[in-house]
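Asks: My questions will all concern the structure given below.
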Amino acid sequence: MTVERIQYQAGGVTGNGALVWNEKVSGKRPLLLVMPNWLGVTETIIDRAAKMAGDKYIAFVACMYGEGKTCEGPAEATEWMTKVRQDRVEGRARVNAALQTLIAEAEKRGIGDSSKKAAVGFCFGGGNVLELARSGAELDAAVSLHGDLATTMPAKKGDIKAAIFVLHGTKDPVSGKADRDALETELDGAGANWQILDFGGRLHSFTEEEADMPGVAEYNAGAAHQAYRMLDDFIQDAFAKKL
Numbered sequence: 036m037t038v039e040r041i042q043y044q045a046g047g048v049t050g051n052g053a054l055v056w057n058e059k060v061s062g063k064r065p066l067l068l069v070m071p072n073w074l075g076v077t078e079t080i081i082d083r084a085a086k087m088a089g090d091k092y093i094a095f096v097a098c099m100y101g102e103g104k105t106c107e108g109p110a111e112a113t114e115w116m117t118k119v120r121q122d123r124v125e126g127r128a129r130v131n132a133a134l135q136t137l138i139a140e141a142e143k144r145g146i147g148d149s150s151k152k153a154a155v156g157f158c159f160g161g162g163n164v165l166e167l168a169r170s171g172a173e174l175d176a177a178v179s180l181h182g183d184l185a186t187t188m189p190a191k192k193g194d195i196k197a198a199i200f201v202l203h204g205t206k207d208p209v210s211g212k213a214d215r216d217a218l219e220t221e222l223d224g225a226g227a228n229w230q231i232l233d234f235g236g237r238l239h240s241f242t243e244e245e246a247d248m249p250g251v252a253e254y255n256a257g258a259a260h261q262a263y264r265m266l267d268d269f270i271q272d273a274f275a276k277k278l
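Read in our numbering, the sequence shown has 156 at position 121, and its numbers run on one by one without any break.
Right, dumping it as structure tokens:
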């Protein structure tokens with residue numbers, strides 16, 4: 036897999052993301068924006084994006100903190116993430132810039148099919164994917180994996196163009212049932228095409244092998260296997276206009 040670091044303007048910061056694709060596959064492929072968790076553009080999320088891209092997609096790991104910065108741990112991550120969450124306008128500018136960068140860089144290299152676009156986000160990244168969809172971005176599908184579901188700028192009727200897929204643990208302490216209920220009400224009010232799938236008993240970050248915060252975040256191999264398979268099916272059905 037080829038990994039190329041890309042600098043781009045993202046709202047008020049200079050982003051440094053990673054374009055990922057299989058250079059041995061010919062022809063243009065659909066675009067997959069990958070929004071990382073609160074740690075930023077780590078080697079772990081780049082590797083995960085490479086696995087998700089495989090032979091199917093051109094992937095781009097977005098940078099929400101600027102300069103490709105990564106956090107040392109929860110304390111720093113909480114501070115940085117909270118700063119982004121507190122300014123939803125700036126956050127939306129950054130995630131939309133990442134999508135436009137993916138489109139432009141894939142087209143520049145002649146490897147991307149920009150008529151098919153999806154976004155997947157993990158934890159903090161799941162919330163950013165939902166903000167991207169709320170902003171009216173031209174996407175086929177937006178997938179949140181154990182994401183931050185709440186917002187201060189809820190979507191209005193007709194705002195959301197993407198089909199929405201939210202995969203969430205019922206015991207997730209970061210975004211609990213009240214947030215899931217509020218999101219359902221919001222998506223119905225916006226007239227969105229949406230699905231929410233609850234994984235019984237699962238905590239936060241259940242698709243991420245590195246998750247290890249007792250009582251908060253815990254990887255679950257079975258749930259992860261199902262989640263990755265189902266999100267890919269969802270995206271492919273969205274591309275085929277079958278949802």
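Glycine residues also receive a C-beta, built at the ideal position from the N, C-alpha and C atoms.
For clarity, every value in this text was computed on a predicted model and none was experimentally measured.
Is the beta carbon of A176 sitting closer than 7 Å to the one on A273?
Replies: yes
Asks: If I'm right that V130 touches L167 with Cβ under 8 Å, what's the distance once you round it to whole angstroms?
Replies: With a contact defined as Cβ atoms closer than 8 Å, V130 and L167 qualify at about 5 Å.
Asks: Express the C-alpha separation of N72 and T187 in angstroms, rounding to a whole number.
Replies: 20 Å
Asks: For the structure I just gave you, are there three or more beta carbon pairs, one from the region 198 to 211 and one from the region 224 to 243, closer than 8 Å?
Replies: yes
Asks: DSSP three-state call for I289: helix, strand or coil?
Replies: Residue coverage of the chain in this structure runs from 36 to 278, which leaves residue 289 outside it and unanswerable.
Asks: Quick one: measure Cβ to Cβ for G156 and V164, integer angstroms, because I've assumed they're closer than 8 Å.
Replies: The pair is a contact, with the Cβ atoms about 4 Å apart (cut-off 8 Å).
Asks: For a test of the three-state rule: what should DSSP assign to F241, helix, strand or coil?
Replies: Coil at F241, not helix or strand.
Asks: According to DSSP, is Y263 helix, strand or coil?
Replies: Correct three-state label for Y263: helix.
Asks: Beta-carbon within less than 6 Å of C98's beta-carbon, same chain only, minus the 5 sequence neighbours each way: which residues are those?
Replies: G50, N51, G52 and V76
Asks: For L137 versus L180, is the C-beta spacing smaller than 7 Å?
Replies: no
Asks: Suppose contacts are defined by Cβ-Cβ distances below 7 Å. Is K63 in contact with G147 by that definition?
Replies: yes
Asks: Could you tell me the distance, in whole angstroms, from the CA atom of V119 to the CA atom of K192?
Replies: 25 Å
Asks: Restricting to Cα atoms, I'd like to know which of E173, K276, S150 and G182 is closest to E243.
Replies: G182
Asks: Per DSSP, which one or two residues make a beta bridge with V96?
Replies: Beta-bridge pairing links V96 to A53 and V69.
Asks: For the alpha helix (DSSP H) that K118 lies in, which residues bound it at each end?
Replies: Its alpha helix (DSSP H) spans residues P109 to Q121.
Asks: Suppose contacts are defined by Cβ-Cβ distances below 7 Å. Is L174 in contact with A197 by that definition?
Replies: Remark: C-beta atoms of L174 and A197 approach each other more closely than 7 Å.
Asks: Look up I146 in the DSSP assignment and say whether it is helix, strand or coil.
Replies: coil
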